[in-house]
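K.L.:
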Amino acid sequence: MKKIYQILCLIVRFISGFIILMQGYEKITGGFSLEGLTKVIAQNEDSPTWYKQFFEHIIAPYTTLWEWVIPLGEIMIGLALILGFLQYYAALFGIFIMINYILADMIFTYPMQLIGFIIIALNVERLRNVSAHAFYKMFMKKEAG
Numbered sequence: 070m071k072k073i074y075q076i077l078c079l080i081v082r083f084i085s086g087f088i089i090l091m092q093g094y095e096k097i098t099g100g101f102s103l104e105g106l107t108k109v110i111a112q113n114e115d116s117p118t119w120y121k122q123f124f125e126h127i128i129a130p131y132t133t134l135w136e137w138v139i140p141l142g143e144i145m146i147g148l149a150l151i152l153g154f155l156q157y158y159a160a161l162f163g164i165f166i167m168i169n170y171i172l173a174d175m176i177f178t179y180p181m182q183l184i185g186f187i188i189i190a191l192n193v194e195r196l197r198n199v200s201a202h203a204f205y206k207m208f209m210k211k212e213a214g
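For the working numbering, count along the sequence shown from 1 and bump the result up by 69.
(1) Are the segment 182 to 191 and the segment 155 to 162 touching, with three or more C-beta to C-beta distances below 8 Å?
(2) Measuring CA to CA, which of T133, D115, L134, I110 is closest to F124?
(3) Quick one: measure Cβ to Cβ for E143 and I89, integer angstroms, because I've assumed they're closer than 8 Å.
(4) Looking at the unbroken alpha helix (DSSP H) that takes in K161, where does it start and where does it end?
(5) Give the straight-line distance between the Cα atoms of F186 and F177, rounded to the nearest whole angstrom.
(6) Quick check: the Cα distance between Y74 and L196, rounded to an integer number of angstroms?
(7) Looking at the structure shown, is L106 part of a helix, part of a strand, or coil, going by DSSP?
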């Protein structure tokens, strides 16, 4: 039963990694812009006031920087999850990003992705032996042995 649970967690990790990798790729290649979003969040009634202030004072003045940081961060999170490299930290950053998207009232698939990242973060110990580092250690043992 533990193996089945581990395989299910691995599938969640791969799917979550692939989805966020593709989101980052689409943002880089599709002309992602925060300009319109800053105006929408300012007028949005569902976003908390503190988040609107954060967006107005931290994000809006530096939209050019954030338009690169966000997609590159998503790509790095996706690669880390697919490879199993720093997967706990990748899942935490994924949680952070999904919460930001939800606070910005962009509710698409983000709640499901948030659940996937939480599952990964809570089961990182189970996923350690199916990571890039684990395969590297196994390969090095065979080479030395």
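Think of the CB as a built atom: it goes at the ideal place given N, C-alpha and C, for glycine as much as any other residue.
P.N.:
Walking through what the data contain:
(1) yes
(2) In the sequence shown, residue 124 corresponds to position 55, counting from 1. Checking every option, the nearest Cα to that of F124 belongs to I110.
(3) To locate residue 143, count along the sequence shown from 1; it is residue 74. To locate residue 89, count along the sequence shown from 1; it is residue 20. Contact flag correct, Cβ pair sits at about 5 Å.
(4) Locating residue 161 in the sequence shown gives position 92, where the first residue counts as 1. In the sequence as displayed, the identity of residue 161 is Leu instead of Lys. It spans 156 to 172 - the alpha helix (DSSP H) in which L161 sits, taken as one unbroken run.
(5) For the purposes of this step, residue 186 is taken as the residue at position 117 of the sequence shown. For the purposes of this step, residue 177 is taken as the residue at position 108 of the sequence shown. Near 16 Å, if we compare the C-alpha coordinates of F177 and F186.
(6) One-based indexing of the sequence shown puts residue 74 at position 5. One-based indexing of the sequence shown puts residue 196 at position 127. Spanning the two alpha carbons is a distance of roughly 10 Å.
(7) To locate residue 106, count along the sequence shown from 1; it is residue 37. L106 falls in the helix class under three-state DSSP.
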